[in-house]
Structure formats: C-alpha cells, structure tokens
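Take a look at the structure below.
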Amino acid sequence: GTGKTMVMDMFFAHVEVEQKKRVHFHGFMLDVHERIHRLKKTLPKRKAGFMAKTYDPIAPVAEEISEEACLLCFDEFQVL
Numbered sequence: 001g002t003g004k005t006m007v008m009d010m011f012f013a014h015v016e017v018e019q020k021k022r023v024h025f026h027g028f029m030l031d032v033h034e035r036i037h038r039l040k041k042t043l044p045k046r047k048a049g050f051m052a053k054t055y056d057p058i059a060p061v062a063e064e065i066s067e068e069a070c071l072l073c074f075d076e077f078q079v080l
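Following UniProt numbering, the numbering of the sequence shown begins with 1 at its first residue and continues without gaps.
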C-alpha cells in the first residue's frame, strides 16, 4: 500500500535496457531451484552417489540467467 509496485512499474517501463526481466521473488527462486535440479541431473553418477555433492551449480545457473537478462527486477520481495 505504499506505492512500491507502482514505482517498480514506472522504473521498468522507462529504463532503456532491452534484456530486462521483472519477476516475483518467489517465482524467481522456484525457477532457480528448477534450473539447479535440471543441472544436477546431468552430472555423472559415482559409486557413493552423485558428483553433485561436491559440485556447486550456482555459478552456471547465474550465468544462464544473466544471458537472459542484464537487468533483473524483483517484485514482492520478502525478508522474514
């Protein structure tokens, strides 16, 4: 009720960036987790389990997202 979404709407509409994306934070995090899961499924298996136990998928997922948008605007961001 304080106009944060309206300000975000105006900013997003007027910023002169072609590759921009506006998302709700919750939806963004669901997307990130889906990408991590998909990436981990492609890793080779080892005797003691997945190689994913020692592999950090954050950098390749962040790279993938940054190729889609150079400006990422979050709406409905909540900190508990």
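We treat Cβ as the ideally placed atom computed from N, Cα and C, and that holds for glycine.
TODO: Could you check the C-alpha separation between D9 and Q19 for me, to the nearest Å?
DONE: 16 Å
TODO: Measure from the alpha carbon of L72 to the alpha carbon of each residue in A62, K45, P44 and K40, then state which is nearest.
DONE: A62
Open item on the list: Quick check on DSSP: helix, strand or coil for F77?
Closed with: coil
Open item on the list: What does the alpha-carbon distance come out to for the pair K41 and R35?
Closed with: 10 Å
Open item on the list: For E68 and T2, what's the separation of their Cα atoms in angstroms?
Closed with: 30 Å
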